[in-house]
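> In terms of UniProt numbering, the sequence shown opens at residue 1 and continues consecutively. Even glycine gets a Cβ: it sits at the ideal position worked out from N, Cα and C. Since the model is a prediction, treat every value here as computed from it, not as a measurement.
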Amino acid sequence: MKYKFVDFIRFWSMVTIIYEHAIFLTEPAWQLHHPDLMRLLILPAKFGGIAFFIISGFLLGDKLHEQKPLNYLKRRFNTIFMPYLVAMLGYFAFTSQKYVRMITDVNTSSDAWSAGLFNHFTDVVFFTAYWFIWVFFISLSIILLFRRQLNTLAFPLIALAISFFYGVNIYYNFVPTAHTTAILGYVFYLWLGIFINQHKIQFFKIFGKIPTAYIAFTALLFLSISFYEGSWINSIRVYLNTLKISNQLYSLSMFLLLLKLSEYKVPAFFKPRQETYGIYLYHMFFISVFGQITFHTALKDKLNLLSNAGYIAFYLAVFVIVYMGTTLLVKAINKTSLSWLTGKANKKAAANEEIQPAEAKLSV
Numbered sequence: 001m002k003y004k005f006v007d008f009i010r011f012w013s014m015v016t017i018i019y020e021h022a023i024f025l026t027e028p029a030w031q032l033h034h035p036d037l038m039r040l041l042i043l044p045a046k047f048g049g050i051a052f053f054i055i056s057g058f059l060l061g062d063k064l065h066e067q068k069p070l071n072y073l074k075r076r077f078n079t080i081f082m083p084y085l086v087a088m089l090g091y092f093a094f095t096s097q098k099y100v101r102m103i104t105d106v107n108t109s110s111d112a113w114s115a116g117l118f119n120h121f122t123d124v125v126f127f128t129a130y131w132f133i134w135v136f137f138i139s140l141s142i143i144l145l146f147r148r149q150l151n152t153l154a155f156p157l158i159a160l161a162i163s164f165f166y167g168v169n170i171y172y173n174f175v176p177t178a179h180t181t182a183i184l185g186y187v188f189y190l191w192l193g194i195f196i197n198q199h200k201i202q203f204f205k206i207f208g209k210i211p212t213a214y215i216a217f218t219a220l221l222f223l224s225i226s227f228y229e230g231s232w233i234n235s236i237r238v239y240l241n242t243l244k245i246s247n248q249l250y251s252l253s254m255f256l257l258l259l260k261l262s263e264y265k266v267p268a269f270f271k272p273r274q275e276t277y278g279i280y281l282y283h284m285f286f287i288s289v290f291g292q293i294t295f296h297t298a299l300k301d302k303l304n305l306l307s308n309a310g311y312i313a314f315y316l317a318v319f320v321i322v323y324m325g326t327t328l329l330v331k332a333i334n335k336t337s338l339s340w341l342t343g344k345a346n347k348k349a350a351a352n353e354e355i356q357p358a359e360a361k362l363s364v
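#1: If you follow the alpha helix (DSSP H) that residue 403 is part of, which residue opens it and which one closes it?
#2: Tell me the residue span of the alpha helix (DSSP H) that contains I210.
#3: Only counting the same chain, and skipping five residues up and downstream in sequence, which positions put a Cβ closer than 7 Å to that of S363?
#4: Among R148, Y186, Y277 and L60, which residue has its Cα nearest to the Cα of T79?
#5: Please list the terminal residues of the continuous alpha helix (DSSP H) segment that includes W134.
#6: Would you call the CB atoms of W232 and T180 closer than 9 Å?
#7: At a cut of 8 Å, does the segment 187-200 reach the segment 153-163 through at least three beta carbon pairs?
#8: Do you know how far the Cα of F24 is from the Cα of L256?
#9: Measure the alpha-carbon distance for Y315 versus G49 and round it to whole angstroms.
#10: Can you tell me whether R148 is buried or exposed, with buried defined as 16 or more other CB within 10 angstroms of its CB?
#11: Buried or exposed, going by whether 16 or more other CB atoms sit within 10 Å of the CB of E275?
#12: Which residue marks the beginning of the alpha helix (DSSP H) containing L117, and which one marks its end?
#13: Taking the CB atoms as reference points, tell me whether I215 and F164 lie closer together than 9 Å.
#14: Which term fits L259, buried or exposed, when burial requires 16 or more other beta carbons within 10 angstroms of its beta carbon?
#15: Would you mind listing the alpha helix (DSSP H) stretches within the segment 235-286 that are 4+ residues and don't spill past its ends, in chain order?
#16: Checking 9 Å against the spacing of the C-beta atoms, do V322 and A22 come in under that value?
#17: Exposed or buried, which one is K200 when buried takes at least 16 other CB atoms within 10 Å?
#18: Figure out for me which residue from S109, E20 and F94 has the closest Cα to the Cα of T242.
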């Protein structure tokens, strides 16, 4: 029996992640001149990343003591990291056209060319959507390395302190502030998913008694705090930081709210278990195309004439096209022998991924 809520949370978390990227990575000039509207558009969708770490931890909880750590990590390497390398390197090549043109430019030195190409590579790894995968693998490796300490009080307290440190750091710059380089900032949420899995009977017994309205109000409260916090932070990249403390609390609230709402089904057209990872890997290609159209065609001048409502409509259209385009691409790939490029597991592995223990038949 499957955990009914897993695909629901996967689906809506991915929708919000693609939505955020589609808006944030297209036309920055307008964003800089309309920070309040950008907060209104993006902050409600900032829970997807943390929700994914929690649900990944929940699924890991079933496997943690059933497989040897190295065997599990090897399987994850084949189904997650290898497709990531192909997609990331493909995106790097896809977005490196100007460096190809620089080769034939007599005014460009080889040192300048290699430095520019290297900087572009680091940008792709650390400051695009591809940051998530290697950070996830580091977090997973830490969990497996310290698996015998997961049930101690010290481990989650230290992990939570690190997550909150990154939240405080955005104001003081002790270390780089970008959430994409917060290597240890997500270990707590992977652990939290494992903890919920290991105590699922007690958790869902208590959780079932909490009214949905209370959780929705809590999420709205933390979202309001996040809005207020963003109003006096000047940098867009700072106030949109996933590990901002108010956003961490908002993300937790939204995860719980999605659990409450998971009795509703994902539209039948979408297959989150088979498609979610592939959508994440390849949506950046579509966004890059829209970025090129926005920055380097006559459309840029026309966009500058749009009203706020026009810009919002444009961004929403970009999101729908990016999400549906990537979904159709992944569906097509999954029908071929190249389905491993989307991280699609074989049928036996996929069937076992979300099997529910007989003693814990959850329908949440």
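This is what the structure holds:
#1: Only positions 1 to 364 of the chain appear in this structure, which leaves residue 403 out of reach.
#2: Unbroken run through I210: none, as it is neither H nor E.
#3: The pLDDT assigned to S363 is 36, lower than 50, so where the model puts this residue is not dependable, and the model offers no usable value.
#4: Y277
#5: Bounds of the alpha helix (DSSP H) holding W134 are W131 to L145.
#6: T180 is positioned such that its CB atom lies no closer than 9 Å to that of W232.
#7: yes
#8: 26 Å
#9: 20 Å
#10: Counting Cβ neighbours within 10 Å, R148 comes out exposed, since fewer than 16 surround it.
#11: Buried.
#12: S110 to F127
#13: no
#14: buried
#15: 236-239 and 245-261
#16: Cβ atoms of V322 and A22: closer than 9 Å.
#17: Its Cβ being crowded by 16 or more others within 10 Å, K200 is buried.
#18: E20
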